[in-house]
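Have a look at the structure below before the remarks.
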Ligand SMILES: [Zn+2]
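Protein chains in written order, with full-length UniProt numbering: chain A, 1 to 309; chain B, 1 to 320.
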């Protein structure tokens, strides 16, 4: 590892990683059926401009839009033991991993970055539902711990975007053990007096909701996101009745007192800045466009060449 | 009448034959069957030992779910004195899937909490088959708080297929309740010992088993998902539960070698359900030993110990 790969590359990555998509590519909104220009959706944060349906957004796309100027530095995550159970169903776990890596271009289901949003320094973690259903693996647990440790080190809040079907079955009990491990990460933030803000995105279920995704100081969800512990089908089979319209959706949870807010993705960044600055005792955010920062000192200070413990 | 599991069928035949002979002899005094019946007994014993020596992971799941396996209530009755149940979450209801209260363990006051499955149709319904709703976890949180305030060690007995998948349970925050219970386990400054006595079903088990020391009975299981659930997702066929049980590494032996649990408690030959008293006594001995090992730790040291245990988990895989 050298200065170029540690310092420059993450930065360049973040600026130029926007997926190069042909101009003429059309995408159909799976909610209202409207045909949308890919460029148009991507500029609209993958929210349908016709019906406001929130489509999936990758962690990198989210970070590009979230951080000031799309600039952030990846926080390194320690690698866990690979395939600890030598798990095999119809496919071998390492083969499923390789397929997921190829599909997403990412190493694992959680991305951690540090940077500024509205000139407010934060650490952010985002779960990738496209990577094996975002499932909570040992890596995901390590990522959340690394994010919390980095936030404590830099005295910054942690914003976590959750998206997962639960714990990763292929890691068996070790996947499940990420519930207590990530709970410890949340405790570190609380002990340091730092805000931990969870943004629940579609879908967040199972062991993930039953651990770090429900322990935030502030719980925000994206509109219509599916959030729950048990799957709707399992519940219907158990109670032998049909579940009501909107069951386990963000708005339903808000009504039942399980969330603080449901916020449109297009307003989320401003809202996060407002909330964080108040909780951190900072001055109100500057409204409107900020001038480009002359320097980004937090990047220069980031000891990216030092591996995390 | 003994409840036989499918793989115990050959055993059922032999034991049935011995029983039949003895019944016949009771009505016909001229018959001398004792030698023959004894031979069958010996054969049955050998078969039982043989069957239980090499239980497959799926068979262990079956044993762990055996309807006659001793449940939480049996352990509390046998191992604790002055058990005083404390009910309710002070918010919505008392969840009968979780029992708990204050009691004495070897004369020392403790808090005991566990999932109870029930042992007949009526009690199984009452206890909701050991599947807790949010109120059950919130009751546990309340009891752990009580233990923390009065410096009482906490003993949890885990035996649940999982948290209850219900409409109301979701509406009242099943996930949040489990998350808070796990969080509470990590916060209390008193020794926390957990024993998986039957089924450790996913998050519903973690909520009680985030302990300083975790022990499992020899034929109990602890898993991220039930083998049936895993099979239907990964194999797209719930009938592939044997394969799933194998792949998930959910036995006490697997968890011990992965460094997830601290102790395996031996079961009597033929499983805890055949000799409940003996199994319960073994669990009692283990709890006592594990508690003794933590007795001189300060509240801070206990919290640190628990954190360290879970933070260092997953540093190794199975060596095969
Ligand atoms: Zn639309």
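The beta carbon of each residue, even a glycine, is placed where N, CA and C say it ideally should be. If you're wondering where the values come from, they're calculated on a predicted model, not measured in any experiment.
Any idea if residue i is buried or exposed, counting beta-carbon neighbours within 10 angstroms, 16 or more meaning buried?
i	result
residue 18 (chain B)	buried
residue 35 (chain A)	exposed
residue 306 (chain B)	buried
residue 155 (chain A)	exposed
residue 219 (chain A)	buried
residue 105 (chain B)	buried
residue 54 (chain A)	buried
residue 282 (chain A)	exposed
residue 143 (chain B)	buried
residue 300 (chain B)	exposed
residue 71 (chain B)	buried
residue 308 (chain B)	exposed
residue 11 (chain A)	Only weak support is given to the placement of residue 11 (chain A): the predicted model assigns it a pLDDT of 44, under 50, and the value that follows is read from those uncertain coordinates. The residue in question, residue 11 (chain A), is buried, as its Cβ has 16 or more Cβ neighbours within 10 Å.
residue 267 (chain A)	exposed
residue 49 (chain B)	exposed
residue 295 (chain B)	exposed
residue 90 (chain B)	exposed
residue 184 (chain B)	buried
residue 3 (chain A)	Summary for residue 3 (chain A): the model assigns pLDDT 38, below 50, so the residue's position carries little reliability; its value from the coordinates is reported in the next sentence. By the 10 Å Cβ count, residue 3 (chain A) comes out exposed.
residue 29 (chain B)	exposed
residue 89 (chain A)	buried
residue 16 (chain A)	Residue placement at residue 16 (chain A) cannot be trusted, given a pLDDT of 46 that sits under 50; the coordinates are not used to answer.
residue 214 (chain B)	buried
Can you round the beta-carbon distance between residue i and residue j to whole angstroms, since I take them to be within the 8 Å contact cut?
i	j	result
residue 164 (chain A)	residue 189 (chain A)	With 8 Å as the limit, residue 164 (chain A) and residue 189 (chain A) do not qualify as a contact, their Cβ atoms being about 20 Å apart.
residue 59 (chain B)	residue 273 (chain B)	About 13 Å separates the two Cβ atoms, so there is no contact after all.
residue 324 (chain B)	residue 21 (chain B)	For residue 324 (chain B) there is no data in the structure shown, the boundaries of chain B being 1 and 320.
residue 235 (chain A)	residue 253 (chain A)	With a Cβ gap of about 15 Å, residue 235 (chain A) and residue 253 (chain A) do not count as contacting.
residue 216 (chain A)	residue 197 (chain A)	6 Å
residue 115 (chain A)	residue 144 (chain A)	Contact flag wrong, Cβ pair sits at about 18 Å.
residue 155 (chain B)	residue 193 (chain B)	5 Å
Can the beta-carbon of residue i be found closer than 8 Å to that of residue j?
i	j	result
residue 168 (chain A)	residue 211 (chain A)	no
residue 109 (chain A)	residue 125 (chain A)	no
residue 46 (chain B)	residue 81 (chain B)	no
residue 275 (chain B)	residue 64 (chain B)	no
residue 282 (chain B)	residue 264 (chain B)	no
residue 128 (chain B)	residue 83 (chain B)	no
residue 117 (chain B)	residue 100 (chain B)	no
residue 161 (chain A)	residue 127 (chain A)	yes
residue 171 (chain B)	residue 38 (chain A)	no
residue 243 (chain B)	residue 252 (chain B)	no
residue 55 (chain B)	residue 111 (chain B)	no
residue 172 (chain A)	residue 250 (chain B)	yes
residue 317 (chain B)	residue 157 (chain A)	no
residue 168 (chain B)	residue 204 (chain B)	no
residue 241 (chain B)	residue 184 (chain A)	no
residue 112 (chain A)	residue 159 (chain A)	no
residue 190 (chain B)	residue 148 (chain B)	yes
residue 153 (chain B)	residue 291 (chain B)	yes
residue 166 (chain B)	residue 133 (chain B)	yes
residue 186 (chain B)	residue 195 (chain A)	no
residue 25 (chain B)	residue 33 (chain B)	yes
residue 223 (chain A)	residue 262 (chain A)	yes
residue 87 (chain A)	residue 170 (chain A)	yes
residue 255 (chain B)	residue 224 (chain B)	no
residue 75 (chain A)	residue 142 (chain A)	no
Please confirm whether residue i has its beta-carbon closer than 8 Å to some beta-carbon of chain C.
i	result
residue 88 (chain A)	The chain inventory of the structure shown lacks chain C, comprising the protein chains A and B.
Thinking C-alpha only, which one of the options is nearest residue i?
i	options	result
residue 97 (chain B)	B:105, B:103 and B:88	B:88
residue 15 (chain B)	B:43, B:35, B:141 and B:221	B:43
residue 50 (chain A)	A:183, A:180 and A:31	A:31
residue 213 (chain A)	A:52, A:70 and A:182	A:182
residue 269 (chain B)	B:53, B:29, B:40 and B:8	B:53
residue 226 (chain B)	B:319, B:201, B:114 and B:176	B:201
residue 176 (chain A)	B:21, B:182 and B:176	B:182
residue 315 (chain B)	A:261, A:194, A:235 and A:81	A:81
residue 277 (chain A)	A:227, A:243, A:225 and A:122	A:122
residue 351 (chain B)	B:110, B:241, B:107 and B:94	As displayed, chain B neither begins before 1 nor continues past 320, which places residue 351 (chain B) out of reach and without an answer.
residue 105 (chain A)	A:60, A:120 and A:94	A:60
residue 132 (chain A)	A:65, A:153 and A:203	A:203
residue 235 (chain B)	A:73, A:91 and A:62	A:91
residue 159 (chain B)	B:216, B:123, B:149 and B:174	B:216
residue 74 (chain B)	B:41, B:197 and B:293	B:197
residue 293 (chain B)	B:120, B:134, B:157 and B:262	B:262
For ligand 3, is there any heavy atom lying closer than 7 Å to the beta carbon of residue i?
i	result
residue 217 (chain B)	Inclusion of ligand 3 in the displayed structure is not the case, the ligand content consisting of ligand 1 alone.
Exercise answer, beta-carbon shell around ligand 1 heavy atoms below 6 Å:
Listed along the chain, these residues meet the criterion: A:29, A:31, A:32, A:34, A:48, A:50, A:51 and A:53.
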